[in-house]
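Worksheet for the structure shown next.
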Amino acid sequence: MTGPADPAACATGLAAARLFDQCVLYERDGAWWYAGGALCGVTLHRDRVVVHYGNRQTNRPVTRSPVVELSQLAATFPVDDWRAYGWVAFEFATDVGPGGLSTGWHPGQGVGEGGDAAGRAVRHRTAAPLAQLIVPEVEIRITPRRLDVRGTDEATVARVLAAVERLPADGPGGGERYQPGPLDVVTPGADAYQQAVATAVERIQAGRLAKVVLSRRVPVPFAVDLAATCLRGRRANSPARTFLVDLPGTRAVGFSPETVAEIGADGEVSSQPLAGTRPLGRGVEQDALARAELWSDAKEVFEHAVSVRAVTDDLAGICASDSVVVRRFMDVEARGSVQHLASRVAGRLRPDVTNWEALAALSPAITASGIPRRVAYQTVAELEPTGRGLYAGAVVQVGQDGFLDAALALRCLHTHGGRTWLQAGAGVVADSRPLREYAETCEKFASIAPHLVPAHRRQ
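Structural data, given as structure tokens:
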């Protein structure tokens, strides 16, 4: 079937149409995927796993590490050549994985309840899921040239295709004029965040760790139209990946600046660390000066270099000997309201390492956690008031053949438990200044805050 002139408008239009009670959108490499409905799926908690096949649902205790649970459950999906969509939490890989973090987890014990300090620090955060995956009833790949549809039920596929024909060409809310709801991204938590950064700097200077990424939340006091926000935000951003998650208990839209892992069915793996930030969009001259600062500022260069080194070490632990290479180093990538130093590290997985184990080894992403990962995770747990969940975790597209693509869940709007918020962070190293790191979070909020579309428009 011939594709639409505007794939982004088509994909977000399908999400807005609410043809199913859950869906995921994912954009990569010039194509959009719409995953509608749930043929089967899994929700992984620290202490239990919920599996559903159609209308049947089973619950059982977790007896293995999260990565093993998810990998083995996905292997049992009763669909040929399946592709699944969903997300993993920041806390997903905090117990095991080749080269991964350990918090002393053992069978029968909730993850994050280990006997060490990291486990104690997050013991109160056991309610949120660690991962959520669905194999959709209908999957559509959308490009300007083609619209490819997969589904197990002809009637359902026909219903979705009929809906595609009725979609407005400019997408959800595309032609509307409205007054956005007010959103202050500067004031909330300013003093507390800067104090947390100062505390982290003291620990770094004392030699306890080299880097930690600390984040803060900004509450959104109005209901948000996720599909229209996804389209409007994508028009204003240049992300590595775009996603919309509308699953039971978790709704989010984001414009990811980087990938945690890109794994081919052939075992080729790469990661795209971005670290080092300056504002963008302030005029040609100011943007050029900021770009030059990225390459000359000792703090930014150090933060980036140690992040690339850490990702290289992660891949060396799971890849074939001598296969790990740095393909790009310290390029500058534009990401909406900011520009980053960017590199790419690649390798070839050992035959005994699965795609899920590779994701675990690279998680939480160094650029959103810190170095060393274990101490950074503990520091985040102690200095941030709430667990992160999806924030700084990953939105994933994964296939039965071993393919896996994981977008770092940053520059996101989150909706969970009746609350909606934005969240952004900054990398803290020994030379960090609290006010500058706070300003960096404001710069990152600017990539999404101006593009929020209220669910109830005010014309």
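Reminder that position 20 of the sequence shown reads as 21 in the working numbering, one-by-one numbering, no gaps. Ideal Cβ placement from N, Cα and C applies to all residues, glycine included. Just so it is clear, the structure is predicted and the values come from calculations on it, not from any experiment.
- Would you call the segment 264 to 272 and the segment 337 to 353 touching, i.e. three or more CB-CB distances under 8 angstroms? yes
- Message: In the DSSP assignment, the beta strand (DSSP E) including Arg345 goes from what residue to what residue?
- Response: Val339 to Arg349
- Task: Use the C-beta contact count for Phe330: other C-beta atoms within 10 angstroms, 16 or more gives buried, fewer gives exposed.
- Result: exposed
- Task: Please state if the CB of Gly172 and the CB of Asp7 are separated by a distance shorter than 8 angstroms.
- Result: yes
- Cα-Cα separation, Lys300 to Gly418: 38 angstroms
- Buried or exposed (CB count within 10 angstroms, at least 16 for buried), His415: buried
- Nonlocal neighbours in the same chain, by C-beta distance under 7 angstroms from Leu384, ignoring five residues either side: Ala197, Thr200, Ala201 and Leu215
- Can you tell me whether Trp296 is buried or exposed, with buried defined as 16 or more other CB within 10 angstroms of its CB? exposed
- Query: Roughly how many angstroms lie between the CA atoms of Leu405 and Ala317, to the nearest whole one?
  - Reply: So the alpha carbons of these two residues sit roughly 19 angstroms apart.
- Item | Inter-stretch contact at 8 angstroms, needing at least 3 Cβ pairs: the segment 20 to 33 / the segment 63 to 83 | no
- Query: In the structure shown, what three-state DSSP assignment does Trp296 receive?
  - Reply: helix
- N-terminal and C-terminal residue of the alpha helix (DSSP H) that Asp192 is part of: Ala191 to Gln206
- Item | Val161 - DSSP class collapsed to helix/strand/coil | helix
- Work out the CA separation of Asp192 and Gly55 for me, nearest whole Å. 49 angstroms
- Residue nearest to Gln133 in terms of C-alpha spacing, selected from Thr59, Leu71, Ile449 and Ala335: Leu71
- For Arg310, which of helix, strand or coil comes out of DSSP? helix
- Per DSSP, what kind of secondary structure is Leu232 in: helix, strand or coil? helix
- Message: Assuming Ala395 and Val25 are in contact, meaning their beta carbons sit under 8 angstroms apart, how far apart are those beta carbons, in whole angstroms?
- Response: Actually they are not in contact, since the Cβ atoms of Ala395 and Val25 sit about 13 angstroms apart, beyond 8 angstroms.
- Message: For Pro220, report the span of its alpha helix (DSSP H) as first-last.
- Response: For Pro220, there is no enclosing alpha helix (DSSP H); the enclosing beta strand (DSSP E) has its first and last residue at Lys212 to Pro220.
- Message: Let me make sure I understand the geometry here. Which of Leu391, Gly255 and Ala306 has the alpha-carbon closest to that of His452?
- Response: For His452, the closest of Leu391, Gly255 and Ala306 by C-alpha to C-alpha distance is Gly255.
- How many Å lie between Ala361 and Ile205 at the Cα? 25 angstroms
- Task: Can you check DSSP and say which residues form a bridge with Trp33?
- Result: Glu28 and Ile143
- 8 angstroms contact criterion, which Val43 and Val52 should meet: CB distance rounded: 5 angstroms
- Message: On a Cα-Cα basis, can you pick out the residue from Thr157, Val326, Arg328 and Ala229 that is closest to Ala36?
- Response: Thr157
- Message: Helix, strand or coil, according to DSSP, for Ile319 in the structure here?
- Response: Coil.
- Message: Whole angstroms are fine: how far does the CA of Glu203 sit from the CA of Asp1?
- Response: In this structure the chain extends from 2 to 460, so residue 1 is not present and cannot be described.
- Contacting residues, own chain, Cβ-Cβ under 6 angstroms from Leu15 (five flanking each side not counted): Tyr35
- Task: Determine the extent of the beta strand (DSSP E) in which Phe330 is found, giving its start and end residues.
- Result: Val326 to Arg336
- Item | Inter-residue Cα distance where the pair is Thr355 and Glu334 | 30 angstroms
- Take the Cβ of Pro67 as the centre, count every other Cβ of all protein chains shown within 10 Å, and call the residue buried at 16 or more, exposed below. Under this definition Pro67 is a buried residue.
- Task: Rounded to whole angstroms, what's the CA-CA distance from Gly38 to Thr13? Just pull it up for me.
- Result: 15 angstroms
- When Val225, Gly250, Val430 and Ala18 are compared against Asp308, the one with the closest alpha-carbon: Note that residue 308 is Ser in the sequence shown, not Asp. Nearest C-alpha to Ser308: Val430.
- Message: I'd like the span of the alpha helix (DSSP H) that includes Thr13, first residue to last.
- Response: Pro8 to Ala18 is the span of the alpha helix (DSSP H), which, as asked, contains Thr13.
- Query: Based on the DSSP output, what are the partners of Val285 in its beta bridges?
  - Reply: Listed as beta-bridge partners of Val285 by DSSP are no residues whatsoever.
- Message: Given a cut-off of 8 angstroms on the beta-carbon distance, is the pair Glu294 and Ala276 in contact?
- Response: no
- Measuring CB to CB, does Glu282 end up less than 8 angstroms from Ser338? Inspection of the sequence shows that residue 282 is occupied by Gly rather than by Glu. Their beta carbons are under 8 angstroms apart, which means Gly282 touches Ser338 by this criterion.
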